[in-house]
Amino acid sequence: MATTTMTMAKALNEGLRRALEKDKKVLLMGEDIGKLGGVFRITDGLQKDFGEDRVIDAPLAESAIVGTAVGLAIRGYRTVCEMQFDGFVYPAFDQIVSQVAKLRKRSDGAYTMGLVIRLPFQGGIGAIEHHSESPEAYFAHTGGLRVVSCSTPNDAYWMIQQAIEHDDPIIFCEPKSRYWEKGEVDIDQAPNGLFDAVVRREGTDITVIGYGSTVKTILRAADTALTEGVSIEVIDARSLSPLDLEPMVRSVEKTGRFVTVHEAPHMASIGSEIVAELTQRCFYSLRAPGIRVSGYHVPYPPTRIEEDYRPTVDRVLDAVDRVMGFES
Amino acid sequence: MIDEELVQLLSPEGERVSNPDYQSTLSGDEIFGLYRDMAIIRRLCNESTSLQRQGQLALWAPIQGQEAAQIGAGRAMAPTDFSFPTYREHGIAWCRGIPPENMLRLFRAVSNGGWDPQKYRHSVPTIVLGNQALHAVGYAMGIQRDGAEEAAITFFGDGASSQGDTLEAFVWAASFNAPIVFFCQNNQWGISTPSSLQSKVPLYRRAEGFGFPGVRVDGNDVLAVYEVSKRALENARVGGGPTLIEAYTYRMGAHTTSDDPTRYRIDAEVEVWKHRDPVERVKALLAREYDIKSTAFDEVAAEADEMALQLREDVLAMSRPDPITMFDNAYATEHPLIDEGRREMIELGISPGGH
Numbered sequence: 000m001a002t003t004t005m006t007m008a009k010a011l012n013e014g015l016r017r018a019l020e021k022d023k024k025v026l027l028m029g030e031d032i033g034k035l036g037g038v039f040r041i042t043d044g045l046q047k048d049f050g051e052d053r054v055i056d057a058p059l060a061e062s063a064i065v066g067t068a069v070g071l072a073i074r075g076y077r078t079v080c081e082m083q084f085d086g087f088v089y090p091a092f093d094q095i096v097s098q099v100a101k102l103r104k105r106s107d108g109a110y111t112m113g114l115v116i117r118l119p120f121q122g123g124i125g126a127i128e129h130h131s132e133s134p135e136a137y138f139a140h141t142g143g144l145r146v147v148s149c150s151t152p153n154d155a156y157w158m159i160q161q162a163i164e165h166d167d168p169i170i171f172c173e174p175k176s177r178y179w180e181k182g183e184v185d186i187d188q189a190p191n192g193l194f195d196a197v198v199r200r201e202g203t204d205i206t207v208i209g210y211g212s213t214v215k216t217i218l219r220a221a222d223t224a225l226t227e228g229v230s231i232e233v234i235d236a237r238s239l240s241p242l243d244l245e246p247m248v249r250s251v252e253k254t255g256r257f258v259t260v261h262e263a264p265h266m267a268s269i270g271s272e273i274v275a276e277l278t279q280r281c282f283y284s285l286r287a288p289g290i291r292v293s294g295y296h297v298p299y300p301p302t303r304i305e306e307d308y309r310p311t312v313d314r315v316l317d318a319v320d321r322v323m324g325f326e327s
Numbered sequence: 000m001i002d003e004e005l006v007q008l009l010s011p012e013g014e015r016v017s018n019p020d021y022q023s024t025l026s027g028d029e030i031f032g033l034y035r036d037m038a039i040i041r042r043l044c045n046e047s048t049s050l051q052r053q054g055q056l057a058l059w060a061p062i063q064g065q066e067a068a069q070i071g072a073g074r075a076m077a078p079t080d081f082s083f084p085t086y087r088e089h090g091i092a093w094c095r096g097i098p099p100e101n102m103l104r105l106f107r108a109v110s111n112g113g114w115d116p117q118k119y120r121h122s123v124p125t126i127v128l129g130n131q132a133l134h135a136v137g138y139a140m141g142i143q144r145d146g147a148e149e150a151a152i153t154f155f156g157d158g159a160s161s162q163g164d165t166l167e168a169f170v171w172a173a174s175f176n177a178p179i180v181f182f183c184q185n186n187q188w189g190i191s192t193p194s195s196l197q198s199k200v201p202l203y204r205r206a207e208g209f210g211f212p213g214v215r216v217d218g219n220d221v222l223a224v225y226e227v228s229k230r231a232l233e234n235a236r237v238g239g240g241p242t243l244i245e246a247y248t249y250r251m252g253a254h255t256t257s258d259d260p261t262r263y264r265i266d267a268e269v270e271v272w273k274h275r276d277p278v279e280r281v282k283a284l285l286a287r288e289y290d291i292k293s294t295a296f297d298e299v300a301a302e303a304d305e306m307a308l309q310l311r312e313d314v315l316a317m318s319r320p321d322p323i324t325m326f327d328n329a330y331a332t333e334h335p336l337i338d339e340g341r342r343e344m345i346e347l348g349i350s351p352g353g354h
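Chains as they are written, first to last, in numbering that gives the first Met the number 0: chain A, 0 to 327; chain B, 0 to 354.
This is the structure we're talking about:
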């Protein structure tokens, strides 16, 4: 097993590089992704090595980035669209929901919408407005789309390649606050399928489920909880649509308790969906209702106070305490 | 139609008009072919309106008045070109060889598409205004990368000319010099919205601001539409970049069968355009210049009647799809919620058990 240490940003870069090498129909398109390498440098050096025809600097219009990727898909290309920030995806929302999601169906399978929309999402970088949002539920709600999120460099490296190879359109959510964190990447073998949830740490008392940035927050909370004698099983959902419920069900049947954690507000959220499914599937194993830790139902706050909006270790622990203390 | 900007090769009376930039290259037989196309598509369109009125279609979007614009452009396309239509491009679909009953599957509400777009190189109908212009530009960018001598063409109306996607498509096409033709049928009305509300300048002139040529053609003159489209497509195929064609025409009928144009436009306007009918002027030309007899026109009419009858039979035979087919092709690969939906439908007895 050949492993190497790199940041998530570098892992994505290497994953994209490998995809470009493997299949000449793979293209990248986005704003400032060429010479600059993208505002987060995810595509650093790729235009130099693969040329302007394959790593395409786009005029600044998100609907067109996605809309032309649709036409390229009809022609047999696989375009990885970079949305510069989560809050800038909405101009492309119409193309994503009305066309990307529906064209395979509308064409009775004649069109394969093999395209990936990369979305740096979630907050935690002290940015100005529209740069810290979590729009994943909008897309998870739409039939025809798939939504995934990576939380480690190894997943970033593999999931981006798996997403590009996949024949369904995929919204690929990258937790931008974790771009610069390092981890081991196994460059020989993918750790999991693209749509698998994975247990990040085993535990016995309570299951806590997150994705993207919150996985690390949950792992920290699990460290602290253990010193207080509470054993948390940590699950990284990874695939947000569809959800991989089986590992979650197995875990909750064992622990009887669970909490979900994400930065998005909880109204009609991924957490809400997990709570509904697990309540239905694990009803007789549950010893307490599931609780959602989330952002609040407000516009994303000015980032001087964003850490009071985003789920913290303390808020996760507070939810764990409430579930553990629940008396039926 | 006194308009110096307008490319016209055939007057409303069916007389040849000389133009400094374009001349008709078509033989008598070819012109008769265009006449036949227009006469048949008009007949099929009228049959479709009747089918809707009789409760056999959920909706119909008539093209009456726009036959020359569509047949002229459709016949100018090469088999290898690819078109991206709205829901009103029945004439283009006809030229691409799509069976008429397939065009009506959408309106019979048994499909959201109706044909194999890759087979006919004619995309499925796009209902959200302007979306398809970007698909066409992306497809054209693919043509460039393949080094192929092909063109993409997208159809839209004066209404869609206000959409951001259409204008983004103009930007993209210009920036990448994409092999594409933007074919705008300015039929003067977007349901009740007059084209004067969409643009304060003639639509074709917008192209200049984006950095490529725009041409206004008499959209009721099939000879002119054919030549203008042919040149724009040829120019795109050899790397000449995009062209915007504004086919100046008129929607003689309602927006759709759900619309009532008497609420927003005056009869006098419709009367003016009746005299510019696209089919009659070609008929006049053929009779005078090529000595085509009335029997030949009658034969086309009989052929069109027969096709209309066949279309009616085909539509009536289109039955309600098995509900479980809604799960087909929603995704390319296995999906748990698709499996769950299918299972539930079978368990509840909604579907006999899939296929």
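The C-beta atom is built at its ideal place from N, Cα and C for all residues, glycine as well.
Cutoff 8 Å: residue i Cβ touching any chain B Cβ
i, result
"residue 224 of chain A", "no"
"residue 15 of chain A", "no"
"residue 94 of chain A", "yes"
"residue 103 of chain A", "yes"
"residue 335 of chain A", "What the structure shows of chain A is the stretch from 0 to 327, and residue 335 of chain A is not part of that stretch, so it cannot be assessed."
"residue 250 of chain A", "no"
"residue 73 of chain A", "yes"
"residue 143 of chain A", "yes"
"residue 89 of chain A", "no"
"residue 76 of chain A", "yes"
"residue 228 of chain A", "no"
"residue 70 of chain A", "yes"
Contact under 8 Å by Cβ, residue i with residue j
i, j, result
"residue 239 of chain A", "residue 312 of chain A", "no"
"residue 33 of chain A", "residue 61 of chain A", "no"
"residue 79 of chain A", "residue 118 of chain A", "no"
"residue 136 of chain B", "residue 302 of chain A", "no"
"residue 81 of chain A", "residue 37 of chain A", "yes"
"residue 51 of chain B", "residue 58 of chain B", "yes"
"residue 184 of chain B", "residue 194 of chain B", "no"
"residue 37 of chain B", "residue 281 of chain B", "yes"
"residue 160 of chain B", "residue 131 of chain B", "no"
"residue 28 of chain A", "residue 187 of chain A", "no"
is_contact[residue i, chain A] using C-beta, thresh 8 Å
i, result
"residue 136 of chain B", "yes"
"residue 144 of chain B", "yes"
"residue 329 of chain B", "yes"
"residue 60 of chain B", "no"
"residue 346 of chain B", "no"
"residue 353 of chain B", "Confidence in residue 353 of chain B is poor, its pLDDT being 49 and thus under 50, which makes the residue's placement unreliable; the coordinate value appears in the next sentence. No, residue 353 of chain B lies away from the interface with chain A (no Cβ there is under 8 Å from its Cβ)."
"residue 112 of chain B", "yes"
Counterpart residues of residue i in DSSP-defined beta bridges
i, result
"residue 246 of chain B", "B:184 and B:216"
"residue 82 of chain B", "B:121 and B:152"
"residue 171 of chain A", "A:117 and A:147"
"residue 259 of chain A", "A:208 and A:291"
"residue 9 of chain B", "B:15"
Supposed close pair residue i, residue j - CB separation, criterion 8 Å
i, j, result
"residue 260 of chain A", "residue 292 of chain A", "4 Å"
"residue 9 of chain B", "residue 222 of chain B", "5 Å"
"residue 180 of chain B", "residue 246 of chain B", "Residue 180 of chain B to residue 246 of chain B, Cβ: 11 Å. No contact."
"residue 212 of chain A", "residue 262 of chain A", "6 Å"
"residue 149 of chain B", "residue 124 of chain B", "Contact flag wrong, Cβ pair sits at about 22 Å."
"residue 33 of chain B", "residue 74 of chain B", "6 Å"
"residue 151 of chain B", "residue 168 of chain B", "With 8 Å as the limit, residue 151 of chain B and residue 168 of chain B do not qualify as a contact, their Cβ atoms being about 10 Å apart."
"residue 91 of chain B", "residue 154 of chain B", "6 Å"
Neighbouring residues, chain B, relative to residue i (Cβ below 7 Å)
i, result
"residue 67 of chain A", "133, 136, 137, 140 and 171"
"residue 97 of chain A", "127 and 130"
"residue 58 of chain A", "170, 171 and 174"
"residue 52 of chain A", "144"
Under 8 Å by beta carbon: chain B residues contacting residue i
i, result
"residue 241 of chain A", "334, 335 and 336"
"residue 166 of chain A", "331 and 332"
Where residue i meets chain A, residues with beta-carbon distance less than 9 Å
i, result
"residue 168 of chain B", "63, 66 and 67"
"residue 123 of chain B", "102, 105, 106, 107, 109 and 110"
Contact set between residue i and chain A, taken where Cβ atoms lie within less than 8 Å
i, result
"residue 164 of chain B", "62, 63, 66, 93 and 94"
"residue 115 of chain B", "106, 107 and 109"
Neighbour list for residue i in chain A, Cβ cutoff strictly below 7 Å
i, result
"residue 266 of chain B", "In chain order: nothing, as chain A lies at least about 37 Å away."
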